[in-house]
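These protein sequence lines map, in sequence, to chains D and V.
First residue of the first sequence? That's 2 in the numbering used here, and the numbers climb one at a time after it.
First residue of the second sequence? That's 2 in the numbering used here, and the numbers climb one at a time after it.
Think of the CB as a built atom: it goes at the ideal place given N, C-alpha and C, for glycine as much as any other residue.
Number of protein chains: 2
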Amino acid sequence: MFNIFPLKGSLEHVKGFYCDGVSVGLKPNGANDVAFIRSDVLCDVEAVFTTNQFQAAPIVHFKRYPENFQTNFLLINAKNANAMTGRKGIEDIDTLFASLRATYPALQNPIMSSTGVIGYRLNQEKIAQSFSKFDFEAKNSDGAARAIMTTDSFKKELCLRVEPENGTPFHLGAICKGAGMINPAMATMLCFIVTDAALPKADAKEALSYAVEHSFNAASVDGDTSTNDTVLLLSNGQSGGYDKEAFKEALALLTKHLALEIVRDGEGATKLVAFEITGAATSEEAKKVAKALSNSLLVKTALFGEDPNWGRIASTIGASGVTCNDETLEIKYDDVLVFNNTQRELDKEREMKAAAIMKQPSYTIHCDLGIGSGTFTAYGCDLGHQYVTINADYRS
Amino acid sequence: MFNIFPLKGSLEHVKGFYCDGVSVGLKPNGANDVAFIRSDVLCDVEAVFTTNQFQAAPIVHFKRYPENFQTNFLLINAKNANAMTGRKGIEDIDTLFASLRATYPALQNPIMSSTGVIGYRLNQEKIAQSFSKFDFEAKNSDGAARAIMTTDSFKKELCLRVEPENGTPFHLGAICKGAGMINPAMATMLCFIVTDAALPKADAKEALSYAVEHSFNAASVDGDTSTNDTVLLLSNGQSGGYDKEAFKEALALLTKHLALEIVRDGEGATKLVAFEITGAATSEEAKKVAKALSNSLLVKTALFGEDPNWGRIASTIGASGVTCNDETLEIKYDDVLVFNNTQRELDKEREMKAAAIMKQPSYTIHCDLGIGSGTFTAYGCDLGHQYVTINADYRS
Numbered sequence: 002m003f004n005i006f007p008l009k010g011s012l013e014h015v016k017g018f019y020c021d022g023v024s025v026g027l028k029p030n031g032a033n034d035v036a037f038i039r040s041d042v043l044c045d046v047e048a049v050f051t052t053n054q055f056q057a058a059p060i061v062h063f064k065r066y067p068e069n070f071q072t073n074f075l076l077i078n079a080k081n082a083n084a085m086t087g088r089k090g091i092e093d094i095d096t097l098f099a100s101l102r103a104t105y106p107a108l109q110n111p112i113m114s115s116t117g118v119i120g121y122r123l124n125q126e127k128i129a130q131s132f133s134k135f136d137f138e139a140k141n142s143d144g145a146a147r148a149i150m151t152t153d154s155f156k157k158e159l160c161l162r163v164e165p166e167n168g169t170p171f172h173l174g175a176i177c178k179g180a181g182m183i184n185p186a187m188a189t190m191l192c193f194i195v196t197d198a199a200l201p202k203a204d205a206k207e208a209l210s211y212a213v214e215h216s217f218n219a220a221s222v223d224g225d226t227s228t229n230d231t232v233l234l235l236s237n238g239q240s241g242g243y244d245k246e247a248f249k250e251a252l253a254l255l256t257k258h259l260a261l262e263i264v265r266d267g268e269g270a271t272k273l274v275a276f277e278i279t280g281a282a283t284s285e286e287a288k289k290v291a292k293a294l295s296n297s298l299l300v301k302t303a304l305f306g307e308d309p310n311w312g313r314i315a316s317t318i319g320a321s322g323v324t325c326n327d328e329t330l331e332i333k334y335d336d337v338l339v340f341n342n343t344q345r346e347l348d349k350e351r352e353m354k355a356a357a358i359m360k361q362p363s364y365t366i367h368c369d370l371g372i373g374s375g376t377f378t379a380y381g382c383d384l385g386h387q388y389v390t391i392n393a394d395y396r397s
Numbered sequence: 002m003f004n005i006f007p008l009k010g011s012l013e014h015v016k017g018f019y020c021d022g023v024s025v026g027l028k029p030n031g032a033n034d035v036a037f038i039r040s041d042v043l044c045d046v047e048a049v050f051t052t053n054q055f056q057a058a059p060i061v062h063f064k065r066y067p068e069n070f071q072t073n074f075l076l077i078n079a080k081n082a083n084a085m086t087g088r089k090g091i092e093d094i095d096t097l098f099a100s101l102r103a104t105y106p107a108l109q110n111p112i113m114s115s116t117g118v119i120g121y122r123l124n125q126e127k128i129a130q131s132f133s134k135f136d137f138e139a140k141n142s143d144g145a146a147r148a149i150m151t152t153d154s155f156k157k158e159l160c161l162r163v164e165p166e167n168g169t170p171f172h173l174g175a176i177c178k179g180a181g182m183i184n185p186a187m188a189t190m191l192c193f194i195v196t197d198a199a200l201p202k203a204d205a206k207e208a209l210s211y212a213v214e215h216s217f218n219a220a221s222v223d224g225d226t227s228t229n230d231t232v233l234l235l236s237n238g239q240s241g242g243y244d245k246e247a248f249k250e251a252l253a254l255l256t257k258h259l260a261l262e263i264v265r266d267g268e269g270a271t272k273l274v275a276f277e278i279t280g281a282a283t284s285e286e287a288k289k290v291a292k293a294l295s296n297s298l299l300v301k302t303a304l305f306g307e308d309p310n311w312g313r314i315a316s317t318i319g320a321s322g323v324t325c326n327d328e329t330l331e332i333k334y335d336d337v338l339v340f341n342n343t344q345r346e347l348d349k350e351r352e353m354k355a356a357a358i359m360k361q362p363s364y365t366i367h368c369d370l371g372i373g374s375g376t377f378t379a380y381g382c383d384l385g386h387q388y389v390t391i392n393a394d395y396r397s
């Protein structure tokens, strides 16, 4: 038995971790644009990266470390993805860390993470200015969470305190960014999770892969996959506490919360919709349908228009390539049945009820395929004018 | 040797075919909404339908005919897709044709095709009114082409006259509709092709499948697949002329032209862009990349914004799951190189040149993966505010 409590803030509650965010002029509006997260003692690292084959320089840099390496420092910049920059992009990271070591000699196996425009070299001079601006003893989660934002309209962070029955409490804290390019293969975003749990390496891998599958990988804004997607889990064991089930559940809660925050902040999104698929032949097929729905432009524009046009839902299911049958299919918006074999036409009353549900900021579209017992829930948002405005102009 | 000439108009030039379009009040603005195409003599039929598993009632109705059946009549309505209507939807078609036979007794194995909203029964009373309004001796391609339009902003038709050297000339004519929901598995549209060539049944299948693969299946507006996609080829042999190579080439030209018209008319589209992929490991992989690019929201919004942000092109290629390598990749906008291994950063001069190309109404984005010899060209359009406006409101 255990209890999980959310705490206000995020990284500052996790023992032995420090962080700060500063502005060095990468963002023209003077907002924070470089951050660090560090630990007093060396941390185990667990990572999940983008499936994009053109992985950005910081990811290639990370992978040069030997397996099971430990680190005590993570540097993050916004406005430049350091992607498609070739060998020079990796050399730039080495140069930066050489310079950081002069200021912060304890540096061991430092990691970098970047987000922003593809195809430009890092502005090393500006980023290096952060080294004299950082307070290395700070626990400034707010400043760090703000520094990693790009098109995000709000900062994303969370802390969970886990209290195992008769055990030592431990914490998980995370800061996260993401708003556009959220995709099916892996939601395009950065998420940095730290924990003071005494986490065994094998458990970390299992818990993180389960958590990512049902959170970031179930979230979708536009179906594109970036070159920089990263989820990092740093654990320093400083609380001395641990409980396998409690940790797994807390990590799943934490990532689910942050993934939904990202979807809710989808570029120009006004709705957060859960696509709950049941009755598919397999869970793999349920996932395929759920993602097809959450990525369909015609579905997304219908959500934006608050139009209970269930035909687009049905058509997308039929096009998704899974086993389905219109005689066993049932579609509900929350608890309102909009389609099944005996009620194929939407009467005025049910149409009005469905339309009312679609006016809410969040709701569930439930599709029971009536074939087997596969289930999966994906999370998506609508697509409105703001998405086009942001992405037609975005170069930051 | 042969010559192929485009003629003004479409179906009216093809011997033995008649068509008309009338208004029966399905479209609230009083525009034509029901059309027929018929032949004096029985026609062979070749068809390609949507890969969507929820095929609309007219498609199910078609498939009930025995293989190699012949027909002399095709009825088409707009505003209602007759999809997800179950058995009732098929019975409605039978009832309509029973009533049409009273007016037009020569009817044999009639075919129906529908486009519009999913999930509503056909308005039989209104559609049946067309039977007394049609001029069954008309060659009114313009009227028929207009009747099948939905969100199309212009009508789509074409006629090609083929003159084999020392042979009898023959014709191919087509009317076509499509603007939204254009997708990778099969472009969502209706295309009705008629020919008076003395076309052998086996050649028809081969020529149509080749033509569709490189035209409608290479066209993409938004990646969705409708329940009603249909390409029909009716041949009545009335010209007595035929040449296998000439027919194949003419059919490919005809479908390519109409597919590009559909992309150009993509809902709210302002650009027509060819994604020409070369150097892929296989042609299948080239196709995968070409379609990923033409379907990517981030690419499409960048086209709309006229932003030479090649990073989005590269990122989409990397995410497409094909063999690729950023050291062999080369990206050009028309003849302007924007990325290769030695020129990774876009200098001001090349950026301005690329931006100038993107201001054109159509251009080619050429990606050479530098891996093998696979090639494929897909056609796409940009995604602007109009797309959102049309699809947030569309119920017609």
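- Under the 8 Å criterion on CB atoms, Val118 (chain D) is classed as interfacial with respect to chain V.
- In summary, the residues of the segment 113-144 of chain D whose CB is separated from some CB of chain V by less than 9 Å are Val118, Ile119, Gly120, Tyr121, Arg122, in the order they occur in the chain.
- Asp45 (chain D) is bridged by DSSP to D:Gln71, D:Ser236.
- At a cut-off of 8 Å between beta carbons, Cys368 (chain V) makes no contact with chain D.
- For the segment 53-74 of chain V, the beta-carbon criterion of a distance under 7 Å to any beta-carbon of chain D is satisfied by Asn53, Gln54, Phe55.
- Against chain D, the CB of Ser295 (chain V) has no partner CB under 8 Å away; the residue lies outside that interface.
- Using a Cβ-Cβ cut-off of 8 Å, Asp327 (chain V) is close to Phe55, Met85, Gly87 of chain D, given in chain order.
- The C-beta of His386 (chain D) comes closer than 8 Å to at least one C-beta of chain V.
- Taking one beta carbon from each stretch, the segment 110-120 of chain D and the segment 224-241 of chain D have 3 or more pairs nearer than 8 Å; the two touch.
- When Cβ-Cβ separations below 8 Å define contact, Gly17 (chain V) makes no contact with chain D.
- Sixteen is the threshold: since fewer than 16 other Cβ atoms of the shown chains lie within 10 Å of the Cβ of Phe6 (chain V), the residue is exposed.
- For Ser295 (chain D), there is no enclosing beta strand (DSSP E); the residue is found in the alpha helix (DSSP H) stretching over 284-296.
- Put simply, the CB of Ser227 (chain V) is near chain D, with a gap under 8 Å to one of its CB atoms.
- Cβ proximity to chain D below 8 Å picks out Phe340, Asn342, Arg345, Glu346, Leu347 from the segment 335-354 of chain V.
- Taking 9 Å as the cut-off between beta carbons, the residues of the segment 315-326 of chain V near chain D are Ala315, Ser316, Thr317, Ile318, Gly319, Ala320, Ser321, Gly322, Val323, Thr324, Cys325, Asn326, in sequence order.
- Rounded to whole angstroms, the gap between the alpha carbons of Gly10 (chain D) and Lys157 (chain D) is 10 Å.
- Bounds of any beta strand (DSSP E) do not take in Ser142 (chain V); it lies within the alpha helix (DSSP H) bounded by 142-148.
- Closer than 8 Å to the CB of Gly312 (chain D) there is at least one CB belonging to chain V.
- Here Asp143 (chain V) is buried: its Cβ has 16 or more other Cβ atoms, across all protein chains shown, within 10 Å.
- In terms of Cα proximity to Gln130 (chain V), the closest of V:Arg65, V:Lys178, V:Asn78, V:Gly322 is V:Asn78.
- About 19 Å separates the beta carbon of Leu43 (chain V) from that of Leu173 (chain V), a gap too long to meet the 8 Å contact definition.
- One alpha carbon belongs to Gly322 (chain V), the other to Thr51 (chain D), and they sit about 12 Å apart.
- For Leu191 (chain D), the enclosing beta strand (DSSP E) has its first and last residue at 191-196.
- Scanning the segment 88-150 of chain D for uninterrupted alpha helix (DSSP H) segments of 4 residues or longer gives 125-134, 142-148, listed from N- to C-terminal end.
- In this chain, the beta strand (DSSP E) harbouring Glu164 (chain V) covers 157-165.
- Here Pro29 (chain V) is exposed, its C-beta having fewer than 16 other C-beta atoms within 10 Å.
- Cβ neighbours of Lys134 (chain V) within its own chain (closer than 6 Å, five residues either side excluded): Val23.
- Following the DSSP letters along the chain, one finds Gly319 (chain V) inside the alpha helix (DSSP H) bounded by residues 311-320.
- Around the beta carbon of Phe155 (chain D), a 10 Å sphere encloses fewer than 16 other beta carbons of the protein chains shown; the residue is thus reported as exposed.
- When beta bridges are read from the DSSP output, Val337 (chain V) appears opposite V:Tyr334.
- Scanning its chain for C-beta atoms nearer than 6 Å, with the 5 sequence neighbours on each side dropped, one finds around Ala146 (chain V) the residues Lys156, Glu158, Ile176, in chain order.
- Counting the other Cβ atoms within 10 Å of the Cβ of Thr302 (chain D) gives 16 or more, which makes it buried.
- Here Tyr211 (chain D) carries a helix assignment [DSSP, helix/strand/coil].
- Pairwise C-beta distances place the segment 256-263 of chain V in contact with the segment 210-217 of chain V, as three or more of them are shorter than 8 Å.
- If you draw a straight line from the Cα of Ala32 (chain V) to the Cα of Glu277 (chain V), it comes to about 38 Å.
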